[in-house]
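In our numbering, the protein residues as written are 25 to 406. Let me begin by presenting the structure, written as structure tokens, before commenting on it.
Okay, here's the thing in structure tokens:
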């Protein structure tokens, strides 16, 4: 009997005169067939880039298909049911993740994907429904994150030793499940949120690696194998901009106002509109505008994050700095330098584009500890 059940949503293809292939959905509801044209197209595969583009297009089409299946089960396509708890959990989770992909940072989107990996490790059933998500099930997942889950669980490469998840990773993944169940409750899929009353993981304050002013000067004087990386990193140290915002910075976002260079851009992570005046030295790192178009990137091509960080550490060692730094260290460096130079925390928060002052207060603790070290260095007088 199971083999006779018709799949409710199928991806169909239609060849077009221009050689492209249009993707659309055939949706079967209550014995009726409907079509939804996705305005997604496969192109002739002539290069590796074409193949990757088609792969991404198909992935998006499959995500929309999964959402339509959820819509049917939720009644939004005319299928009325009193048992929305029978909605497939992983289909809903994937559809929710895809919606967030356009709104959230790449790092946070990756956290959603990693959480899915751990959820599937804990309960691999694709037939898992919201009816199966009970408080006991949730407590079991929490126990799994605390006692069984491994760091780098999505990485198939062999490692010398297995490492448990960090406290912050446990908190992040558990909160992704919490957010999913909260959304399912708001969507009317579940009558009661099984997460209510269950405590999550407390956060662990992360170490903020940064460079001192003397170390930044040493880095500037040392040779880096990739000039674009050197310019971009030093620019981050002088402006506090994230890698993502430096990468996408265009000449159209660079203006001159009252003799100052101002950046007018929208943060990639938060979507907030920013107006940032920068120092002449930071402006110098951008190079000459010349004949660049407004859409041209200021810093050109930068290596992938892992390659960038590897070269940063080689460059730091040449400068005599033995610290495990990453590109984001530039943003931390800017924050600590500003506070050390006496800039009030509210202004620093605005310069960094933080939404909440408590995020900036972490750097204030670093500055306080440096003051304490300075006091401890006062020699004994009597």
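Every residue, glycine too, gets a C-beta built ideally from N, C-alpha and C.
Which term fits residue i, buried or exposed, when burial requires 16 or more other beta carbons within 10 angstroms of its beta carbon?
i           : result
residue 315 : exposed
residue 20  : In the structure as shown, the chain begins at 25 and stops at 406. Residue 20 is therefore absent and cannot be evaluated.
residue 90  : buried
residue 56  : exposed
residue 40  : exposed
residue 106 : Note on residue 106: pLDDT 45, under 50, position unreliable in the model; the coordinate value appears next. When all chains shown are included, residue 106 counts as exposed.
residue 403 : exposed
residue 234 : buried
residue 61  : exposed
residue 108 : buried
residue 212 : exposed
residue 167 : exposed
residue 138 : buried
residue 36  : exposed
residue 43  : exposed
residue 377 : buried
residue 281 : exposed
What residue does the beta strand (DSSP E) around residue i start on, and which one ends it?
i           : result
residue 278 : 278-281
residue 299 : 297-302
residue 359 : Element bounds for residue 359: not the beta strand (DSSP E) but the alpha helix (DSSP H), 353-364.
residue 46  : 45-53
residue 288 : 284-290
residue 36  : 33-39
residue 57  : 56-66
Residues in the same chain with beta-carbon distance under 7 angstroms from residue i, minus the five sequence neighbours each way, listed in chain order, please.
i           : result
residue 93  : 32, 33, 115
residue 362 : 372, 375
residue 78  : 66, 67, 69
residue 184 : Bear in mind that the predicted position of residue 184 carries a pLDDT of just 48, short of 50, making it unreliable; the figure below should be weighed with that in mind. Excluding positions up to five away in sequence, the list is empty.
residue 224 : 195, 198, 199, 202
Name the two residues that bound the continuous alpha helix (DSSP H) containing residue i.
i           : result
residue 334 : 329-342
residue 371 : 369-376
residue 205 : 191-210
residue 243 : 237-245
residue 255 : 251-263
Keeping to the same chain, check which residues put their C-beta closer than 6 angstroms to that of residue i; ignore five residues upstream and five downstream.
i           : result
residue 239 : 345
residue 209 : 217
residue 319 : 274
Below 8 angstroms CB to CB, which residues in the same chain sit around residue i once its five sequence neighbours on both sides are set aside?
i           : result
residue 20  : With the chain covering 25 to 406 only, the question about residue 20 has no answer from this structure.
residue 103 : Per-residue confidence for residue 103 stands at a pLDDT of 43, beneath the threshold of 50, marking its modelled position as unreliable; no derived number is given.
residue 379 : 294, 296
residue 150 : 112, 114
residue 226 : 191, 195
residue 87  : 118, 119, 122
residue 313 : 275, 278
residue 337 : 348, 349
Going by the DSSP bridge assignment, what does residue i pair with across the sheet?
i           : result
residue 113 : DSSP output for residue 113 lists no bridge partner at all.
residue 188 : 174
residue 321 : 274
residue 153 : 112
- Query: Is there contact between the stretch 198-206 and the stretch 144-151, where contact requires at least three CB pairs shorter than 8 angstroms?
  - Reply: Short answer: they don't touch.
- Does the stretch 332-350 touch the stretch 274-289, meaning 3 or more C-beta pairs lie closer than 8 angstroms? Contact fails: fewer than three Cβ-Cβ distances are below 8 angstroms.
- Task: Report yes or no: do three or more beta-carbon pairs, one from the stretch 279-288 and one from the stretch 324-331, lie closer than 8 angstroms?
- Result: Touching, no.
- Query: Should the stretch 203-222 be regarded as contacting the stretch 301-310, the criterion being three or more beta carbon pairs within less than 8 angstroms?
  - Reply: No, they do not touch.
- Indicate whether the contact test is met: 3 or more Cβ pairs, each with one atom in the stretch 318-326 and one in the stretch 247-264, closer than 8 angstroms. Yes, since at least three Cβ pairs between the stretch 318-326 and the stretch 247-264 fall closer than 8 angstroms, the two stretches touch.
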